[in-house]
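Some notes on the structure that comes next.
In our numbering, the protein residues as written are 35 to 323.
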């Protein structure tokens with residue numbers, strides 16, 4: 035997937051009006067040169083590196099006047115809507131790129147996409163609510179200086195770049211939509227707690243996946259929704275997938291798995307078709323689509 039996104043991104047960045055050219059360097063990273071002679075190195079991360087490793091890259095680039103842009107695999111980002119402590123690396127990237135981090139993925143139709151994620155301050159200083167924004171249109175590539183105070187391992191004044199998109203989390207329509215999304219999440223967010231029966235034990239994973247019922251213990255915000263993640267995986271998607279992508283993925287699978295048309299043994303086809311149907315239904319109910 036990384037190679038597909040990288041090749042696609044080289045072409046997209048090369049089409050930006052302010053960019054003179056883009057290509058891959060010997061290390062396989064994207065290098066863009068603007069008409070104002072600004073050089074930008076773009077890194078696709080398929081694993082989270084430690085802040086000090088990020089600092090080494092940014093420090094070396096800044097020293098020679100090169101801006102840096104990091105885009106992480108979408109699977110490394112927290113799920114939309116959860117309340118969690120993202121960790122130093124994600125927080126550092128979030129601060130570098132003006133309160134957002136960028137993600138990459140390939141949808142069910144093979145189309146590469148760049149997403150954006152905002153961490154909304156919530157409760158404690160180290161706790162945030164995760165907000166997913168719209169996919170990024172690759173039309174701009176501004177470079178600027180970012181002063182980072184926290185985490186200390188990345189403290190400094192650095193040359194960075196981003197895609198110049200609007201602060202989606204400040205738009206009134208988006209904020210109103212988040213309020214509605216939050217209400218839905220309250221009814222579907224999973225939770226876990228220790229049983230008191232016989233003094234030990236935990237609820238099993240299936241019980242953890244159930245929507246909260248009246249009188250149940252309050253959910254522990256920030257934990258993941260295993261059933262939602264499994265449902266996306268059943269359709270071959272990640273939690274970044276849009277309504278249309280989920281719908282298309284289900285339709286494509288249904289065409290090959292439906293017992294009336296599948297080449298699989300009838301019993302196996304019925305089982306797999308039921309699994310993707312239930313996954314599709316659960317995603318729709320959870321997301322309110």
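Glycine is no exception: its CB is placed at the ideal position from the N, C-alpha and C atoms.
No experiment lies behind these values; they were computed from the predicted model shown.
When DSSP reads this structure, residue 162 sits in a beta bridge with 118, 155. Taking the Cα positions, residue 156 is about 16 Å away from residue 134.
Look at residue 206 here: in three-state DSSP terms it is helix. Excluding residues up to 5 positions away in sequence, 119 lie with their Cβ nearer than 8 Å to the Cβ of residue 160 in the same chain. Residue 179 has 193 as its beta-bridge partners, per DSSP. Taking the Cα positions, residue 291 is about 5 Å away from residue 303.
At least 8 Å separates the beta-carbon of residue 46 from that of residue 164.
Taken in chain order, the unbroken stretches of beta strand (DSSP E) that lie wholly in the segment 73-112 and span 3 residues or more are 73-79, 100-107. Sequence-distant Cβ neighbours of residue 106 in its own chain, meaning closer than 6 Å and more than five residues away, are 79, 137. Comparing C-alpha distances from residue 42 to each of 92, 90, 97, 140 shows the shortest one belongs to 140. In this structure, 287 is the residue among 126, 287, 169 with its C-alpha nearest to the C-alpha of residue 312. At the C-beta level, residue 52 and residue 68 come within 8 Å of one another.
Closest in C-alpha terms to residue 197, from the list 149, 94, 89, comes 149. Between the C-alpha atoms of residue 48 and residue 193 there is a straight-line separation of about 21 Å. Excluding five sequence positions before and after residue 77, the CB atoms of its chain that fall closer than 6 Å to its own CB belong to 63, 104, given in chain order. Going by DSSP, residue 66 is part of the beta strand (DSSP E) stretching over 64-68. Counting every other CB atom within 10 Å of its CB across the protein chains shown gives residue 178 a total below 16, marking it as exposed. Counting along the chain, no alpha helix (DSSP H) covers residue 58; the unbroken beta strand (DSSP E) around it starts and ends at 53-58. Annotation: residue 321 to residue 281 spans about 13 Å, alpha carbon to alpha carbon.
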